[in-house]
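There are 2 protein chains.
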Amino acid sequence: MGSFVLHGNIIDSESPERLRVAADSYLVCEEGRCTGVFSALPERFSGLPLTDFGDRLILPGMTDLHLHAPQFAFRGLGMDLELLDWLNARTFPEEAKYADLSYAALAYGQFVDCLRRSATTRAVVFGTVHPAATTLLMELLEASGLVSYVGKVNMDRDCPEALREADAAASLAATEQWLASARFAHTKPILTPRFVPSCSDALLQGLGELAARRGLPVQSHLSENLGEIALVQSLCPQTDFYAEAYDRCGLLSQPCIMAHCVHCPPEEQDLLQARGVFIAHSPLSNSNLSSGIAPVSAYLARGLRVGLGSDLAAGETENLFRVMAEAIRVSKLRWRLLDDTTAPLTVAQAFYLATRGGGAFFGEVGCFEPGFALDAVVLDDSALVHPQELTPIERLERCIYLADERHIAAKYVAGTRLF
Amino acid sequence: MGSFVLHGNIIDSESPERLRVAADSYLVCEEGRCTGVFSALPERFSGLPLTDFGDRLILPGMTDLHLHAPQFAFRGLGMDLELLDWLNARTFPEEAKYADLSYAALAYGQFVDCLRRSATTRAVVFGTVHPAATTLLMELLEASGLVSYVGKVNMDRDCPEALREADAAASLAATEQWLASARFAHTKPILTPRFVPSCSDALLQGLGELAARRGLPVQSHLSENLGEIALVQSLCPQTDFYAEAYDRCGLLSQPCIMAHCVHCPPEEQDLLQARGVFIAHSPLSNSNLSSGIAPVSAYLARGLRVGLGSDLAAGETENLFRVMAEAIRVSKLRWRLLDDTTAPLTVAQAFYLATRGGGAFFGEVGCFEPGFALDAVVLDDSALVHPQELTPIERLERCIYLADERHIAAKYVAGTRLF
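Read top to bottom, the protein sequences are chains Z and X.
Under UniProt numbering, the first residue of the first sequence carries the number 1, and numbering increases by one thereafter.
Under UniProt numbering, the first residue of the second sequence carries the number 1, and numbering increases by one thereafter.
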């Protein structure tokens, strides 16, 4: 966690609507936090080590608000199913394998190596129900230099026996056991009821109490798929909408991420806004599982907190550039096919979601304003050949559509250079 | 154009619904054409040189039925517009640059190099209105080893003066001039009226006569975007639907590709079927330009001829793996949002579109049945790490979602190895 200066073409988000470009400029980091961006380096920073990235683009590191580490193993497979069938046919059998720590070490090692090489600097991650495998995942993430929240999954009903915790008490005890071992500097625990169908009322209640008692954040899934929503309605007939099943247990009252939010009625949106819940928009996943298209620009317009999720492996890639491009693309289809009163996402908005939008879950993260954590990715887009002159903004737009880990020349997390 | 044997895991399409897998098998090529696929190599082929690709996947080469070579320069840029505005703001100014042959040489060199490294073995390509630049593009494609059709674009109305040909006679004369120079072994000319809004009635009529007289194939755009369709209706009030404006000039009577076909009414589909027209489905483009989603599985079900188009640069990539994945993805959104009577595309169908579906425009191309041209791509997917065993079919599915040019270990076109 150092103090240094980076030189290059520096771009971040001023707001969801506005990109901020400092071409040929200097980004000053002191003790892991941004001091500022300067077109000429002030004399007082002349003693800091300077890395000159020349004409390259320097962007804030990106935050992935929703992904499943154990599903990385089957990314790109078994996509011809909807959510509930996909869980039973593909996901649960794979997740059951993580009872075996040697399998978990192999698979999680591959996952963490891939995430480390991506544009993602911070991530909020689902593990499995297994405490030991989840702690192992946290050890690997801690060693990677990334910053993350990781959750041991809770599920005590409506899933295969190999994954089902015996009852709420057993699930809560396993969670306490895991929490006792989950002590790392940059890899923090997050409570993770899988979703309402997998969790008894008693388990949700117990997790809400645990979250309040220990001040722990919470992540889960919400209003992803029509079949899931109908199931939740039948399981919780006394609720008016899905999010109430979490809220009545206090699970929305801590820092909280709800993945998807594709089909939220207005009252549900009101509740998410009142509780300050973060929405993890996962467009690749929502198309792959035929779930639908979340009205993200409408969420932004009403002031909801939104970031992006790769949702590995219902989304096939950890590459948040691809997720940004897909967020823009599906928002256009939504506008064309469903609702022409909700404008498509712009490039600036998609970039905001991947940086400041999701970064805010980690505090002052996601841009280069003074005091923000110095998370950065340096892009070398020279392999994306072109015959004409391009501005830094045009180069950023191209990278959103075309970049992957090959184009990342350097990566910094909280002031530490990973590569 | 040789005779040889390849060994590996061989996959092609038996039909739109069925993949055919020959694991650990031998593909025999004689004089550039497939002889057959064998689980053990028959004695009579033991004298042919054998290349052992071990555990790699051997797939048919892929056909890109629709892309614009001059637009490669701005791939991934300027996507926040719909078709007609995008043409005026981004496309026409870029295409005007190809009056300069030195710019064309630089830009087309970059394009052809990229296409050569992709999974595409055959392509049907738009150039610009410029005869000399289009012939230069053909020279570069011929040297690349790819097989293609290339069209000098015709447009004599409703576009910037720098691109507008003076009138129908001038456009036809420039086309004849280009045809006289466009003599290559593997790079053939195709007549290319841009689309109805850019072409006077006299020009369409003249091109129809030229196509019939010279036996030339035709490519254009059809029913892509609602704004475009309304414009064509106003320009051709005597037609019942868009395709009639081409058909009344005989332009659908030669081998013909119509790109997009997003919004074809049933009578238009009937006409395309009666004329044997190929539809170039371009899902990335149709989302990027907010055009909509073509009902491709319905087209397949009624027996229409369909292949895939990258539609560079309304589609941002030449990578047909990405186009396949996007075709599947948008078909799911169409099913969810618009019409749940039209099933989403399967992996098998998307693979068929990229191989046999589009390949048929070139004759016996797109699979490994006896007599078919030996176009093949060999995939090394070992960098797509995974902890579990996978079948060849699962590996193909993963590659559809995740592969790019990095994973292509070898490429053959009509029996010649390109790399």
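Even for Gly, the Cβ is constructed at its ideal location relative to N, Cα and C.
ask   = For the segment 324–379 of chain Z, which segments carrying the alpha helix (DSSP H) assignment without a break, of at least 4 residues, lie completely within its bounds, in sequence order?
value = Those alpha helix (DSSP H) runs which fall completely within the segment 324–379 of chain Z and span 4+ residues are 347–352.
request  = For residue 134 of chain Z, decide whether its Cβ has a neighbour in chain X, counting only Cβ atoms nearer than 7 Å.
outcome  = The residue labelled residue 134 of chain Z in the question sits at position 134 within the first sequence. For residue 134 of chain Z, the answer is no, since every Cβ of chain X falls outside 7 Å of its Cβ.
key: Closer than 7 Å at the beta carbon, the chain X residues around residue 344 of chain Z   = Sequence index remark: in the first sequence, residue 344 of chain Z carries index 344 (1-based). Listed along chain X, the residues sitting closer than 7 Å to residue 344 of chain Z by beta-carbon distance are 290.
ask   = CB residue 410 of chain X to CB residue 378 of chain X, shorter than 7 Å?
value = In the second sequence, residue 410 of chain X corresponds to position 410, counting from 1. In the second sequence, residue 378 of chain X corresponds to position 378, counting from 1. Cβ atoms of residue 410 of chain X and residue 378 of chain X: closer than 7 Å.
key: Check whether residue 232 of chain Z and residue 191 of chain Z have beta carbons under 7 Å apart   = The residue labelled residue 232 of chain Z in the question sits at position 232 within the first sequence. The residue labelled residue 191 of chain Z in the question sits at position 191 within the first sequence. No, the pair does not count as a contact, with Cβ atoms beyond the cut-off.
inquiry  = For a contact defined as C-beta to C-beta under 8 Å, what are the partners of residue 394 of chain Z on chain X?
reply    = For the purposes of this step, residue 394 of chain Z is taken as residue 394 along the first sequence, with counting starting at 1. Simply 77.
inquiry  = For a quick check, are the C-beta atoms of residue 319 of chain X and residue 404 of chain X less than 7 Å apart?
reply    = Taking the second sequence and counting its residues from 1, one reaches residue 319 of chain X at position 319. Taking the second sequence and counting its residues from 1, one reaches residue 404 of chain X at position 404. Going by C-beta atoms, residue 319 of chain X is nearer than 7 Å to residue 404 of chain X.
request  = Can you pull the chain Z residues whose beta carbon is under 7 Å from the beta carbon of residue 73 of chain X, in chain order?
outcome  = The residue labelled residue 73 of chain X in the question sits at position 73 within the second sequence. Among the residues of chain Z, those whose CB is under 7 Å from the CB of residue 73 of chain X are 386, 387 and 388, following chain order.
7 Å Cβ shell around residue 94 of chain Z - same chain, five flanking residues per side excluded = Numbered from 1 along the first sequence, position 94 holds the residue referred to as residue 94 of chain Z. Excluding sequence neighbours, residue 94 of chain Z sits near 70, 71, 73 and 74.
request  = Could you have a look at residue 192 of chain Z and say whether DSSP puts it in helix, strand or coil?
outcome  = Here residue 192 of chain Z refers to the residue found at position 192 when the first sequence is read from its first residue. Of the three classes helix, strand and coil, the one that applies to residue 192 of chain Z here is strand, per DSSP.
query = Which residues of chain Z have a Cβ atom closer than 7 Å to the Cβ of residue 329 of chain X, listed in chain order?
reply = Your numbering for residue 329 of chain X matches position 329 in the second sequence. The CB of residue 329 of chain X comes closer than 7 Å to the CB of 287 and 288 in chain Z, given here in chain order.
key: Interface flag, residue 349 of chain Z vs chain X, CB-CB below 7 Å   = Along the first sequence, one-based indexing puts residue 349 of chain Z at 349. For residue 349 of chain Z, no CB of chain X lies under 7 Å from its own CB, so it is not counted at the interface with that chain.
message = Counting C-beta neighbours from all protein chains within 10 Å, is the total for residue 228 of chain X 16 or more, i.e. buried, or is it exposed?
response = Here residue 228 of chain X corresponds to residue number 228 of the second sequence, with the count starting at 1. Counting Cβ neighbours within 10 Å, residue 228 of chain X comes out buried, since at least 16 surround it.
Unbroken alpha helix (DSSP H) run spanning residue 111 of chain Z, endpoints = Counting from one through the first sequence, the residue named residue 111 of chain Z turns up at place 111. Membership of residue 111 of chain Z in the alpha helix (DSSP H) is indicated by the continuous run 101–117.
First through last residue of the alpha helix (DSSP H) which encompasses residue 420 of chain X = Because chain X spans 1 through 419 in this model, residue 420 of chain X falls outside it and cannot be assessed.
query = Does residue 405 of chain Z get closer than 7 Å to chain X when you measure Cβ to Cβ?
reply = As a position in the first sequence, residue 405 of chain Z is number 405, starting the count at 1. Nearest CB-CB separation between residue 405 of chain Z and chain X: not below the 7 Å threshold.
key: For residue 421 of chain Z, three-class secondary structure by DSSP   = Shown here, chain Z extends from 1 to 419; a query on residue 421 of chain Z therefore has no answer.
key: Residue span of the alpha helix (DSSP H) that contains residue 16 of chain X, given as start and end   = Taking the second sequence and counting its residues from 1, one reaches residue 16 of chain X at position 16. Per DSSP, residue 16 of chain X belongs to no alpha helix (DSSP H) and is neither H nor E.
key: Distance CB(residue 384 of chain Z)-CB(residue 326 of chain Z) smaller than 7 Å   = Taking the first residue of the first sequence as position 1, residue 384 of chain Z is located at position 384. Taking the first residue of the first sequence as position 1, residue 326 of chain Z is located at position 326. No, they are not a contact pair.
request  = For residue 167 of chain X, I'd like the list of residues in its chain whose CB is within less than 6 Å of its CB, leaving aside the five on either flank, ordered along the chain.
outcome  = If you number the second sequence from 1, residue 167 of chain X lands on position 167. Excluding positions up to five away in sequence, the list reads 156.
request  = Could you tell me which of Z/418, Z/244 and Z/317 sits nearest to residue 288 of chain Z, measuring between CA atoms?
outcome  = By one-based count along the first sequence, residue 288 of chain Z stands at place 288. Among Z/418, Z/244 and Z/317, the Cα nearest to that of residue 288 of chain Z is on Z/317.
request  = Evaluate residue 17 of chain Z with the Cβ neighbour count: other Cβ atoms within 10 Å of its Cβ, from every protein chain shown; 16 or more gives buried, anything less gives exposed.
outcome  = The sequence position of residue 17 of chain Z within the first sequence is 17, counting from 1. So residue 17 of chain Z ends up on the exposed side.
key: Coarse secondary structure for residue 41 of chain Z, derived from DSSP in three states   = Within the first sequence, residue 41 of chain Z is the residue found at index 41, counting from 1. For residue 41 of chain Z, the three-state secondary structure derived from DSSP is coil.
task = May I ask you to report which of helix, strand or coil DSSP gives residue 201 of chain Z?
result = The residue you call residue 201 of chain Z lines up with position 201 of the first sequence. DSSP places residue 201 of chain Z in helix when its eight states are reduced to three.
task = Using a Cβ-Cβ cut-off of less than 8 Å, list which residues of the segment 303–325 of chain Z approach chain X; keep chain order.
result = Hits within the stretch, in order: 316, 317 and 325.
ask   = Any Cβ of chain X within less than 7 Å of the Cβ of residue 336 of chain Z?
value = Taking the first residue of the first sequence as 1, we reach residue 336 of chain Z at position 336. Contact of residue 336 of chain Z with chain X is assigned, a C-beta pair being separated by under 7 Å.
query = Taking the C-alpha atoms as reference points, what is the distance between residue 373 of chain Z and residue 10 of chain Z?
reply = The residue labelled residue 373 of chain Z in the question sits at position 373 within the first sequence. The residue labelled residue 10 of chain Z in the question sits at position 10 within the first sequence. When the Cα atoms are used, residue 373 of chain Z and residue 10 of chain Z turn out to be separated by approximately 15 Å.
task = List the DSSP bridge partners of residue 280 of chain Z.
result = On the first sequence, residue 280 of chain Z is found 280 positions in, with the first residue counted as 1. Residue pairing of residue 280 of chain Z in beta bridges, as defined by DSSP: Z/259 and Z/307.
inquiry  = Checking 7 Å against the spacing of the C-beta atoms, do residue 415 of chain X and residue 54 of chain X come in under that value?
reply    = Position 415 of the second sequence, counted from the first residue, corresponds to residue 415 of chain X. Position 54 of the second sequence, counted from the first residue, corresponds to residue 54 of chain X. Note that the C-beta distance between residue 415 of chain X and residue 54 of chain X is not below 7 Å.
inquiry  = Nearest by alpha-carbon distance to residue 250 of chain Z: which of Z/226, Z/207 and Z/355 is it?
reply    = Residue numbering aside, residue 250 of chain Z sits at position 250 when the first sequence is read from its first letter. Here the closest residue by C-alpha is Z/207.
key: For residue 148 of chain Z and residue 357 of chain Z, the rounded distance between their alpha carbons   = As a first step, residue 357 of chain Z is located in the first sequence; it is residue number 357 there, counting from the start. As a first step, residue 148 of chain Z is located in the first sequence; it is residue number 148 there, counting from the start. Approximately 16 Å, taken between the alpha carbons.
task = Answer with yes or no whether the minimum CB distance from residue 364 of chain X to chain Z is below 7 Å.
result = In the second sequence, residue 364 of chain X corresponds to position 364, counting from 1. Between residue 364 of chain X and chain Z, the shortest Cβ-Cβ separation is not below 7 Å.
Straight-line Cα distance separating residue 112 of chain X from residue 21 of chain X = Within the second sequence, the letter at position 21 stands for residue 21 of chain X. Within the second sequence, the letter at position 112 stands for residue 112 of chain X. Spanning the two alpha carbons is a distance of roughly 31 Å.
key: Straight-line Cα distance separating residue 213 of chain X from residue 205 of chain X   = Taking the first residue of the second sequence as 1, we reach residue 205 of chain X at position 205. Taking the first residue of the second sequence as 1, we reach residue 213 of chain X at position 213. Residue 205 of chain X and residue 213 of chain X have their C-alpha atoms spaced approximately 12 Å apart.
request  = Please compile the residues from chain Z whose C-beta is within a distance smaller than 9 Å of the C-beta of residue 398 of chain X.
outcome  = Numbered from its first residue, the second sequence carries residue 398 of chain X at position 398. Per Cβ cutoff of 9 Å: 74, 75, 76, 77 and 316.
Residue 231 of chain X, DSSP secondary structure in three states = The residue given as residue 231 of chain X occupies position 231 in the second sequence. Helix at residue 231 of chain X.
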